[in-house]
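Working notes, beginning with the structure itself.
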Amino acid sequence: MGSTNSTLLKIPNVEVLMQETGFSPAHIIRLHDRFKALDKEGRGHLCPHDFGAIKELAMNPIGDRIIGAFFSPGKETVDFHTFVKILAHFRPVDKDRPKEPNSPEPINSRSNKLKFAFQLYDQDKDGKISRDELLQVLRAMLGMQVTDEQLESIADRTIQEADLDRDDTISFEEFRKACKHKRFTMFRFCIRPGERKLMLTLCHWSSELQDQHEL
Amino acid sequence: MAFLQQFALLLALLIIFSTSCKTAMLEVDSAEVGLNYSLKSSATENISTSTNDSTGGHGSSTITTLPIVIWKWHHVETPYLVALWILTCWLCKLVAELNHNITSVIPESGLLIMMGFILGGIVWGADKAQTFKLIPVNFFYYLLPQIVLDASYCMPNKLFFSNLGAILVHAVIGTCWNAGTVGIALWGCYEGGAMGNLNIGLLQFLLFGALMSAVDPVAVIAVFEEVHVNEVLYILVFGESLLNDGVTVVLYNVFDAFVSLGGPKINAAEIIKGIISFFVVSFGGSFLGVVFAVLISMLTRVTKNVQVIEAGFIIVLGYLSYLTAEMLSLSAILSITFCGVCCQKYITANMDEKSVTTLRYVLKVMANGSETMIFVFLGLSAIDQNIWVWNTGFILLTILFIVIFRFMGVFFLNWLLNQSRLIPIDLTDQFVMGYGGLRGAVAYGLAASLDEKKIPEKNLMLGTTLIVVYFTVILQGITMKPLVQWLKVKKATQSDLTLNGKMNNRVFEHVLTAMEDICGRMGDNWWTRHWNYFEDKYVCWLLMTSDARKHKDPIFGVFHKLNLEDAKKYVNEGESKGSLAFIRNYDNASVDFKKQLALEYADIMPDIMNDMSEYDFGIDNVPVTSVMKNPLPSVSLNVHELDRKSMLNDLSAHHLLDQHLYKSRRDNRPTYSRSHYNTSENPDEMQEIFQRTMRSRLESFKSAKMGVNPAKKLSKHPKKDSTHKPNGKPADPHRTHPYGDEDFEFSADSASSSEIAGHFPRRNTNAPGAGVDNPTANNMAVAPSQTAQGRLPWTPTNLRHLAPLRMSTRSTDSFAMADASVDDEAPEEKSGSHHTRL
Numbered sequence: 001m002g003s004t005n006s007t008l009l010k011i012p013n014v015e016v017l018m019q020e021t022g023f024s025p026a027h028i029i030r031l032h033d034r035f036k037a038l039d040k041e042g043r044g045h046l047c048p049h050d051f052g053a054i055k056e057l058a059m060n061p062i063g064d065r066i067i068g069a070f071f072s073p074g075k076e077t078v079d080f081h082t083f084v085k086i087l088a089h090f091r092p093v094d095k096d097r098p099k100e101p102n103s104p105e106p107i108n109s110r111s112n113k114l115k116f117a118f119q120l121y122d123q124d125k126d127g128k129i130s131r132d133e134l135l136q137v138l139r140a141m142l143g144m145q146v147t148d149e150q151l152e153s154i155a156d157r158t159i160q161e162a163d164l165d166r167d168d169t170i171s172f173e174e175f176r177k178a179c180k181h182k183r184f185t186m187f188r189f190c191i192r193p194g195e196r197k198l199m200l201t202l203c204h205w206s207s208e209l210q211d212q213h214e215l
Numbered sequence: 001m002a003f004l005q006q007f008a009l010l011l012a013l014l015i016i017f018s019t020s021c022k023t024a025m026l027e028v029d030s031a032e033v034g035l036n037y038s039l040k041s042s043a044t045e046n047i048s049t050s051t052n053d054s055t056g057g058h059g060s061s062t063i064t065t066l067p068i069v070i071w072k073w074h075h076v077e078t079p080y081l082v083a084l085w086i087l088t089c090w091l092c093k094l095v096a097e098l099n100h101n102i103t104s105v106i107p108e109s110g111l112l113i114m115m116g117f118i119l120g121g122i123v124w125g126a127d128k129a130q131t132f133k134l135i136p137v138n139f140f141y142y143l144l145p146q147i148v149l150d151a152s153y154c155m156p157n158k159l160f161f162s163n164l165g166a167i168l169v170h171a172v173i174g175t176c177w178n179a180g181t182v183g184i185a186l187w188g189c190y191e192g193g194a195m196g197n198l199n200i201g202l203l204q205f206l207l208f209g210a211l212m213s214a215v216d217p218v219a220v221i222a223v224f225e226e227v228h229v230n231e232v233l234y235i236l237v238f239g240e241s242l243l244n245d246g247v248t249v250v251l252y253n254v255f256d257a258f259v260s261l262g263g264p265k266i267n268a269a270e271i272i273k274g275i276i277s278f279f280v281v282s283f284g285g286s287f288l289g290v291v292f293a294v295l296i297s298m299l300t301r302v303t304k305n306v307q308v309i310e311a312g313f314i315i316v317l318g319y320l321s322y323l324t325a326e327m328l329s330l331s332a333i334l335s336i337t338f339c340g341v342c343c344q345k346y347i348t349a350n351m352d353e354k355s356v357t358t359l360r361y362v363l364k365v366m367a368n369g370s371e372t373m374i375f376v377f378l379g380l381s382a383i384d385q386n387i388w389v390w391n392t393g394f395i396l397l398t399i400l401f402i403v404i405f406r407f408m409g410v411f412f413l414n415w416l417l418n419q420s421r422l423i424p425i426d427l428t429d430q431f432v433m434g435y436g437g438l439r440g441a442v443a444y445g446l447a448a449s450l451d452e453k454k455i456p457e458k459n460l461m462l463g464t465t466l467i468v469v470y471f472t473v474i475l476q477g478i479t480m481k482p483l484v485q486w487l488k489v490k491k492a493t494q495s496d497l498t499l500n501g502k503m504n505n506r507v508f509e510h511v512l513t514a515m516e517d518i519c520g521r522m523g524d525n526w527w528t529r530h531w532n533y534f535e536d537k538y539v540c541w542l543l544m545t546s547d548a549r550k551h552k553d554p555i556f557g558v559f560h561k562l563n564l565e566d567a568k569k570y571v572n573e574g575e576s577k578g579s580l581a582f583i584r585n586y587d588n589a590s591v592d593f594k595k596q597l598a599l600e601y602a603d604i605m606p607d608i609m610n611d612m613s614e615y616d617f618g619i620d621n622v623p624v625t626s627v628m629k630n631p632l633p634s635v636s637l638n639v640h641e642l643d644r645k646s647m648l649n650d651l652s653a654h655h656l657l658d659q660h661l662y663k664s665r666r667d668n669r670p671t672y673s674r675s676h677y678n679t680s681e682n683p684d685e686m687q688e689i690f691q692r693t694m695r696s697r698l699e700s701f702k703s704a705k706m707g708v709n710p711a712k713k714l715s716k717h718p719k720k721d722s723t724h725k726p727n728g729k730p731a732d733p734h735r736t737h738p739y740g741d742e743d744f745e746f747s748a749d750s751a752s753s754s755e756i757a758g759h760f761p762r763r764n765t766n767a768p769g770a771g772v773d774n775p776t777a778n779n780m781a782v783a784p785s786q787t788a789q790g791r792l793p794w795t796p797t798n799l800r801h802l803a804p805l806r807m808s809t810r811s812t813d814s815f816a817m818a819d820a821s822v823d824d825e826a827p828e829e830k831s832g833s834h835h836t837r838l
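Laid out in structure tokens, this is it:
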């Protein structure tokens, strides 16, 4: 395990990071390797075009938004700490973690996951998903299959469904409620004990059942 | 009252049952009646004396005089008995389902077996022998395929494929484990002397173990659906039991071959061959099923012109996949299973919505029907004396071992699976999985098809299998529900279909694949994504029509479904509120109602949707206060909340409503078509004809009015007034004009075409009465709505409460759209009568 420790030592503030994110040393090392692989020029941080170089990501209809989620507003780069913290959203919700009243909410809590999802829609960061924002996402995902009129109808209906205060936008609270009792896929970033691989899996049906219990 | 009804039903069942018994008793020697076609034909030779006098009529003997009617029992005997037995079994189900208090305690399958006991008792009492039984050939060729096809076709596809790994592990390894351990353990006990002296070797025990490992999907699903367990558990048990049947049959055949081969000849090479054969047969069968699925999907691309039999193709091809696999000695059950699972998505997209519904219902009817028969006959089999070779040790040990080893297998395999499962299968679920190992008809069918020459103790095995089936289906079935409740097994969550949910799911899928890409790992999402990509690009292109491809997007599908639902709900609401709501508030309500119909229309017909796109905007139960891009407030269920609407939209709504009404009126016409069940597939065409005729009629009317008619009308006027005043009709000038016209119209029309009377029953009683100035007609009641009367036939009967609305000034809108003329009543009347004659 000497190599493990030496790699870990290279990463600054690794204990803080591990504590914040809940990743194990093995995961951190694995992510660090990946980070270095993405950072082709070895600057120690990633730029949007580094993400763009991932071929599969370019195929993703909402890939731009997801890349955008790594960069806080005004910043052009993302360092390893931020990178890991963003990915920590996808860890499964810790059920066993003892609830300490004064500890900050973990990154992988349900509401933080929802916040992450919410900001994918909310591009102008005004805390609301407007009709146009929704329309953009829908257009990206549905593509050529439906006409603009149909797309607009779908967007309108979607807003109506979630919109409780009737301001024609979906606020975070409304978004959370819409996700609460609906057929909803919660994403987890799941790492098996003793497994060095990062496993990110979509838990389709089973996860929502679990979510019922977590609520 | 309820009791009386039940009693009557029971009586009816008994009568029908006794008929089938009686008819069967006519030929005493026939050992296998009911479903047995093959033996039936030979049995018909044994004509008992009681039918001699009647059957003589159709015999080849010379007749002395011309018979008027002939008793031809033996012509119809076989199909008649089959039909009677089917009826009897279904009536059993009816009786079993009568009382919900009982079905909530005892699962239906158990009840049916008990009904089978009762029927068997009656047969026994009458015949003192088993006259009816289920023979394996009929079971495997005529009863099982539709059950499997239905189960696989209705399988939740996504759930199935996402859990396919676990299902396969349980179905393949679990089944082999069960077969092997039960066989060996029984053999060990036999060697230990626990069952006395039997003529069974190790191979026979293994064969018995193989047939005992078939978990019955029917019994399991019946129980699990009743208790609503969570989806993962459900799909694991369902998928396992379905695939497990196929694996069991394969395993059975392998062991059967070993038994035929005999102990000494089996060496390592044969065993390896057996293992290879196992995999070839299983995977070959599955592959064949996929091939047939592709064939079916491709076929449904081109069946648009023969929509009536579209659904039939699926059933026939599914059955063929079963038979083909059987012919190639591949696993037939696996073949039809994969056929159903794989083609489901594409044929649903390709076929017309009606065909999809038809297929679903037909499959359900067939599957439920044969399921019922299977269970009843399982119960009925209990009266066979031959099979009851009692061996307490064998029977008890079998039950013990199948339960123990089932639990062991399930726990071990789940432990193995949980090592790599993201969400582990928890202990209660595992326990329920183990407990859900009900044995059913497949085990019995396999046991019944054992060869007595090779297996001397066949009857013992058959009897034991029956006892195991009764034990598991009835006892475990009954205790399953309390157990699930007691263990607090996670139940299925009812969730509504929402656009938000669907959309968020989609976004999250994309997010997750993106995260996998960023982390640089090929996870599940990578596979899902690439499969989706591949499917979109090639599979759909091959298997789906271009139309279906366009509309297959799930988000759009949900949107469409929700809209349809709302429209339906809205119409129902409007109807259930009845005329009250409409009368109180009819101006708004009527318009609103029509608009809703227009909306429904817009959803059904995309071409209208395009130019009416502003309509499908706000269909929701939630009233939207805000006015978004269109000036119309959305349709609201609350009719009182409606604002004034713009005239233009009203008009188009009226126009659409009229279209709709014409359509439904046409549907009411008694027509029969061999290949279509709705005659007006194209209402646009009719509308076109209608409008054109109306216009031409209007022209002629106008010219007539200008030229000849006024004189005629003037002459009629006094006569009209005098005849109608006694009837209490206001003789205002506005009224008389339509009357005169109607009269004019009718004298021309009703004389020329008498079929109007047939099509217009309403008008037949009232309007002609007015037309020929018959004062005795009971015009009193209908008189005020005379103007509406002319148009009423177009309204479907359930919309009748709308009729008074036509009296209001707004009602003229509907044809102000169609013709800009001031003479609104007359052309409508004319064209209407003309329309019917088209």
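Listed in order, the protein sequences are those of chains G and D. The first sequence begins at 1 in UniProt numbering and counts up by one. The second sequence begins at 1 in UniProt numbering and counts up by one. Ideal Cβ placement from N, Cα and C applies to all residues, glycine included.
Distance CB(residue i)-CB(residue j) smaller than 9 Å
i	j	result
GLU161(G)	ALA140(G)	no
VAL507(D)	ILE113(D)	no
VAL432(D)	LEU466(D)	no
LEU446(D)	GLY174(D)	no
LEU206(D)	GLY180(D)	yes
GLY116(D)	PHE375(D)	yes
LEU543(D)	MET298(D)	yes
LYS165(D)	SER381(D)	Reading off the sequence shown, one finds Gly at residue 165(D), where the question assumed Lys. Not in contact: GLY165(D) and SER381(D) (Cβ atoms no closer than 9 Å).
SER282(D)	VAL316(D)	no
LYS490(D)	ASN230(D)	yes
ASN253(D)	SER329(D)	yes
Selection from the options that minimises the alpha carbon distance to residue i
i	options	result
MET480(D)	LEU466(D), VAL227(D) and VAL376(D)	VAL227(D)
ILE221(D)	LEU159(D), PHE205(D), SER213(D) and ALA151(D)	ALA151(D)
ILE159(G)	HIS81(G), GLU149(G), LYS128(G) and GLY63(G)	LYS128(G)
TYR444(D)	GLN307(D), ALA83(D) and ASN138(D)	ASN138(D)
ASN13(G)	PHE51(G), PRO48(G), ILE66(G) and PHE80(G)	PHE80(G)
VAL558(D)	MET503(D), SER355(D), LEU487(D) and ALA567(D)	MET503(D)
ILE399(D)	ILE347(D), PHE471(D), ALA332(D) and ILE333(D)	PHE471(D)
MET195(D)	LYS568(D), THR392(D), LEU233(D) and SER700(D)	THR392(D)
Inter-residue CB distance, residue i and residue j (contact presumed, cutoff 8 Å)
i	j	result
PHE405(D)	VAL182(D)	6 Å
VAL223(D)	ILE147(D)	Rounded, the Cβ-Cβ distance is 15 Å, inconsistent with contact.
LEU258(D)	LEU203(D)	The amino acid at residue 258(D) is misidentified as Leu; the sequence shows Phe. Yes, PHE258(D) and LEU203(D) are in contact; Cβ-Cβ is about 5 Å, under 8 Å.
LEU397(D)	LEU186(D)	6 Å
HIS89(G)	LYS113(G)	6 Å
THR428(D)	ASN60(G)	Between ASN60(G) and THR428(D) the Cβ distance is about 39 Å, and since that is not below 8 Å, they are no contact.
GLY434(D)	PHE407(D)	4 Å
Counting Cβ pairs closer than 8 Å, one from the region 205 to 212 of chain D and one from the region 280 to 297 of chain D, do we hit at least three? In the pairwise beta carbon analysis, the region 205 to 212 of chain D is classified as not touching the region 280 to 297 of chain D: fewer than three pairs are separated by under 8 Å.
Mind listing, in chain order, the continuous alpha helix (DSSP H) runs of no fewer than 4 residues lying wholly within the UniProt domain "EF-hand" (150 to 185) of chain G? Entirely contained in the UniProt domain "EF-hand" (150 to 185) of chain G, the alpha helix (DSSP H) runs reaching 4 residues are, in chain order, 172 to 180.
Do the region 306 to 323 of chain D and the region 280 to 292 of chain D meet, that is, are 3 or more Cβ pairs less than 8 Å apart? Here the region 306 to 323 of chain D makes contact with the region 280 to 292 of chain D; the two share three or more CB pairs at distances below 8 Å.
Runs of alpha helix (DSSP H) lying entirely within the region 306 to 359 of chain D, each at least 4 residues, in chain order: As far as the region 306 to 359 of chain D is concerned, its whole alpha helix (DSSP H) runs of at least 4 residues are 307 to 327 and 332 to 350.
Secondary structure, alpha helix (DSSP H): runs of 4+ residues fully inside the region 87 to 154 of chain D: Runs of the alpha helix (DSSP H) inside the region 87 to 154 of chain D: 100 to 103, 108 to 127 and 144 to 153.
For the pair the region 78 to 90 of chain D and the region 362 to 375 of chain D, tell me if three or more CB-CB distances fall below 8 Å. The region 78 to 90 of chain D vs the region 362 to 375 of chain D: in contact.
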